[in-house]
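> In the numbering used here, the protein residues as written are 11 to 144.
Think of the CB as a built atom: it goes at the ideal place given N, C-alpha and C, for glycine as much as any other residue.
My questions will all concern the structure given below.
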């Protein structure tokens with residue numbers, strides 16, 4: 011295999027690892043949101059089933075984050091995880107527990123989504139610049 015072919019193979023493997031990391035990040039966010047929802051439902055960790063689901067949800071989340079951080083930058087991962095997780099948890103709170111939802115919270119959710127997009131875009135640009143240097 012030539013050097014150029016090896017480089018192309020390495021780029022493909024890195025892209026595959028990155029895609030898998032984003033899939034795992036999605037699963038971690040779902041597990042975290044589930045844990046947060048069940049934390050509220052556990053009534054101060056006094057109801058056994060929601061308490062158990064909370065613990066399992068957060069164990070899954072942090073286990074996946076360990077793997078994800080091997081392939082994606084910390085700032086990007088934490089920004090997406092925290093932002094999307096917060097927005098999703100807030101929306102579930104509005105639907106399930108009738109938490110307040112105002113124009114300000116709607117704008118906040120849109121800003122979180124925009125921030126996640128910009129984090130991802132900025133990371134892509136940095137990675138493209140690094141690839142050109144190599």
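If you follow the alpha helix (DSSP H) that residue 96 is in, where does it begin and where does it stop?
By 1-based counting over the chain shown, the position of residue 96 is 86. Taken as a continuous stretch (DSSP letters only), the alpha helix (DSSP H) holding residue 96 covers 84-107.
> Let's see if you can read the secondary structure: which residues bound the alpha helix (DSSP H) around residue 58?
Within the chain shown, the letter at position 48 stands for residue 58. That run of the alpha helix (DSSP H) goes 58-78.
> Check whether the Cβ atoms of residue 70 and residue 97 sit closer than 8 angstroms, and answer yes or no.
Taking the first residue of the chain shown as 1, we reach residue 70 at position 60. Taking the first residue of the chain shown as 1, we reach residue 97 at position 87. Going by C-beta atoms, residue 70 is not nearer than 8 angstroms to residue 97.
> Below 8 angstroms on the Cβ atoms is my contact criterion, and I expect residue 105 with residue 126 to pass it. Report the Cβ-Cβ distance as a whole number of Å.
As a working note, residue 105 is residue 95 in the chain shown. As a working note, residue 126 is residue 116 in the chain shown. That pair is no contact at about 21 angstroms.
> Let me make sure I understand the geometry here. Which of 102, 113, 36, 109 has the alpha-carbon closest to that of residue 72?
Working through the chain shown from its first residue, we reach residue 72 at position 62. For the residues 102, 113, 36, 109, the minimum Cα distance to residue 72 belongs to 36.
> Nearest-angstrom Cα distance between residue 101 and residue 109?
The residue given as residue 101 occupies position 91 in the chain shown. The residue given as residue 109 occupies position 99 in the chain shown. Distance between the alpha carbons of residue 101 and residue 109: 9 angstroms.
> Nearest by alpha-carbon distance to residue 43: which of 54, 58, 66, 57 is it?
As a position in the chain shown, residue 43 is number 33, starting the count at 1. The shortest Cα separation from residue 43 among 54, 58, 66, 57 belongs to 66.
> Using 8 angstroms as the threshold, is the C-beta distance between residue 99 and residue 46 below it?
Working through the chain shown from its first residue, we reach residue 99 at position 89. Working through the chain shown from its first residue, we reach residue 46 at position 36. Yes, the Cβ-Cβ distance between residue 99 and residue 46 is below 8 angstroms.
> Flag this pair as yes or no: are the beta carbons of residue 75 and residue 38 separated by less than 8 angstroms?
As a first step, residue 75 is located in the chain shown; it is residue number 65 there, counting from the start. As a first step, residue 38 is located in the chain shown; it is residue number 28 there, counting from the start. Their beta carbons are under 8 angstroms apart, which means residue 75 touches residue 38 by this criterion.
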